[in-house]
Amino acid sequence: MTPHPAQPPVRRGSQRFAPGEGPLPDPAGSHHERRIRSFQPRRSRVTTSQAEAMLKRWPDWGLDIDGKRVLDLGEMFGGLPVVLEIGFGMGEATAQMAAADPGTGILAVDVHTPGQGNLLGLADRNGLTNVRVANGDAIILLREMLTTDALDGCRVYFPDPWPKARHHKRRLIQPEFLSLLATRMKPGAVLHCATDWEEYAEQMLEVLSAHPDFENTLADGGYAPRPDFRPLTRFEGQGLDKGHVVHDLLFRRK
């Protein structure tokens, strides 16, 4: 095997890591796949502490979504039930949920490098061994890298609302996504969505209610109160300060 050439040290603001020491910029070569994406990678600086956490913990707790292998979640999480979290921002809420429920593994997916480093740092400092950070496209992860009935739950908190009408097709919660997700969730597993964008909440409720693989956990078929286990996030607080109303949706896989 040809060794990788020596890599320069990671500096503040750099997003380039040596192979195996941090996330790849495009792990699945996704620019070759003709598909509308629900996410927009954000380019912002990695702090020194985030880079250090990445170098320390990525080899053990991080993975690139390359679509080339099937993950053994039982081995990865030591047999714990596993919840998939799609889009975790800076990871504060994820870390809080992991600390409050150490008996559940969290497979947290995002494309934001500073957030990945921040979550790894929070997990390291707080001894949260039940968190794994995945870099890349959640669709490829679900389609290519997870087995049938692999997940005990899924969380989608405050996904990009894509507010312009011409961009609504980019929204994650669509029938096609739900059909794929359903194949990877165990019967009885719960999909938990939350948004502070009223029109998107209405679309989520409509699409989820109409999907044959999911049923509302509420008898009246409406929105759910915020569960105690979902922390109030910084992003959510900003929305509330602006007068936004946050809606939670809890749907069970049939």
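Residue numbers (my numbering): 7 to 260. Just so you know, even glycine gets a beta-carbon here, dropped at the ideal spot from N, CA and C.
message: As a quick exercise: from F241, D226 and L238, pick the residue whose alpha carbon is nearest that of L256.
response: As a first step, residue 256 is located in the sequence shown; it is residue number 250 there, counting from the start. Taking only the C-alpha atoms, the option nearest L256 is D226.
- request: With a floor of 3 residues, list each beta strand (DSSP E) that falls wholly inside the segment 96–136, ordered by position along the chain.
  value: Counting only unbroken stretches of 3 or more residues, the beta strand (DSSP E) elements lying wholly within the segment 96–136 are 111–116, in sequence order.
- prompt: Hey, H217 and C160: beta-carbon distance below 9 Å or not?
  reply: In the sequence shown, counting from the first residue as 1, residue 217 sits at position 211. In the sequence shown, counting from the first residue as 1, residue 160 sits at position 154. Contact flag unset, no.
- prompt: Is the segment 122–132 touching the segment 143–160, taking contact as three or more C-beta pairs under 8 Å?
  reply: Note that the segment 122–132 does not touch the segment 143–160; fewer than 3 beta-carbon pairs, one per stretch, sit closer than 8 Å.
task: Measure the alpha-carbon distance for P231 versus G142 and round it to whole angstroms.
output: Here residue 231 corresponds to residue number 225 of the sequence shown, with the count starting at 1. Here residue 142 corresponds to residue number 136 of the sequence shown, with the count starting at 1. Their backbone Cα atoms lie some 31 Å apart in a straight line.
task: Closer than 6 Å by C-beta to Q180: which residues in its own chain qualify, once you throw out the five before and the five after it? Chain order, please.
output: Here the question's residue 180 lines up with position 174 in the sequence shown. Cβ neighbours of Q180 within its own chain (closer than 6 Å, five residues either side excluded): none.
message: Tell me the residue span of the alpha helix (DSSP H) that contains F23.
response: Translated into positions along the sequence shown, residue 23 becomes position 17. Judged by DSSP secondary structure, F23 falls outside any alpha helix (DSSP H); it is assigned neither H nor E.
- prompt: Which class does F220 belong to by DSSP, given the choice of helix, strand or coil?
  reply: For the purposes of this step, residue 220 is taken as the residue at position 214 of the sequence shown. Strand at F220.
message: Distance check for I146 and D72, CA to CA, integer angstroms please.
response: To locate residue 72, count along the sequence shown from 1; it is residue 66. To locate residue 146, count along the sequence shown from 1; it is residue 140. Their Cα atoms are separated by approximately 8 Å.
From V162, A200 and A101, residue whose alpha carbon lies closest to that of R138: Taking the first residue of the sequence shown as 1, we reach residue 138 at position 132. Answer by Cα proximity: A101.
query: Under a three-way DSSP split, which group does A230 fall into?
result: If you number the sequence shown from 1, residue 230 lands on position 224. Of the three classes helix, strand and coil, the one that applies to A230 here is strand, per DSSP.
task: Look at the alpha carbon of G95 and the alpha carbon of G243, and state the distance between them as a whole number of angstroms.
output: By one-based count along the sequence shown, residue 95 stands at place 89. By one-based count along the sequence shown, residue 243 stands at place 237. The alpha-carbon separation between G95 and G243 amounts to approximately 14 Å.
- request: Please report the residue range of the alpha helix (DSSP H) in which F241 lies.
  value: Locating residue 241 in the sequence shown gives position 235, counting from the first residue. Here the alpha helix (DSSP H) through F241 covers R240 to D247.
Straight-line gap, A188 to P167 (C-alpha atoms, nearest Å): Counted from its first residue, the sequence shown places residue 188 at position 182. Counted from its first residue, the sequence shown places residue 167 at position 161. C-alpha separation (whole angstroms): 22 Å.
Distance, K62 Cα to T53 Cα: The count along the sequence shown starts at 1 and reaches residue 53 at position 47. The count along the sequence shown starts at 1 and reaches residue 62 at position 56. Between T53 and K62, the C-alpha separation is close to 14 Å.
- prompt: With respect to the alpha helix (DSSP H) encompassing D66, which residues constitute its N-terminal and C-terminal limits?
  reply: Numbered from 1 along the sequence shown, position 60 holds the residue referred to as residue 66. Its alpha helix (DSSP H) spans residues T54 to W67.
- prompt: Is G28 closer than 9 Å to T119 when the C-beta atoms are compared?
  reply: Sequence index remark: in the sequence shown, residue 119 carries index 113 (1-based). Sequence index remark: in the sequence shown, residue 28 carries index 22 (1-based). Yes, they are a contact pair.
- prompt: Which partner residues does E91 have in the DSSP bridge list?
  reply: Working through the sequence shown from its first residue, we reach residue 91 at position 85. BP columns for E91 point to A114 and R161.
query: Apart from the five residues just before and just after L214, which ones in its own chain have a Cβ nearer than 8 Å to its Cβ?
result: For the purposes of this step, residue 214 is taken as the residue at position 208 of the sequence shown. So the qualifying residues of the chain are I179, L184, L197, C199, F220, N222, L255 and F257.
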